[in-house]
Each structure stands twice: as C-alpha cells, then as structure tokens.
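Residue numbers (full-length UniProt numbering): 1 to 85. Below: the structure, in structure tokens.
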C-alpha cells in the first residue's frame, strides 16, 4: 500500500540565482536517489556533462553573434561608401 501525503515544498532562490530546497526535503531526495542506485559518482558525471554541453552551446552562440556582427559591419561599411546626393 502506498501512503500519499500532501506537503508544502519551499524553494528559495540563492544570491547566485540557484535554487535551495529545505534541508528535510534535500535529505529525503538524497535517500530516494540512493535507494534507486543513483550515487554521487553518477551525479558528478551528469554535472560535468551538462557543464560541457552548456559551454559548447555558449561558444556556439558567441560564434553566431560574431558572424552576425561581422555581417552588420560589412553592411554599414558598404553603405558608408555610397555617395548621397
């Protein structure tokens, strides 16, 4: 038999924009994950993988931004060469 209980989950935003769960909820979540075989080495692997993915996406965005700015500069420099009557 499964026991269902209602609970209020309080989540706060930290100074660096992260989220913070209540200590009791953190402990319960950790117990839940460990009981299902999700241990610290897996979470560290996931964090590293997600960090690498995010860095790759950021670099891709910077390349696209650089390309956009370069096109924009070429348009403005070409327009500056036109003589207006």
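Idealized CB from N, CA, C, for every residue including glycine.
Just how far apart, CA to CA, sit residue i and residue j?
i, j, result
"residue 89", "residue 69", "As displayed, the chain neither begins before 1 nor continues past 85, which places residue 89 out of reach and without an answer."
"residue 36", "residue 15", "32 Å"
"residue 27", "residue 42", "18 Å"
"residue 31", "residue 23", "12 Å"
"residue 47", "residue 25", "20 Å"
"residue 75", "residue 12", "47 Å"
"residue 71", "residue 19", "39 Å"
Skipping 5 residues on each side, what residues in its chain have a beta carbon closer than 8 Å to that of residue i?
i, result
"residue 29", "21"
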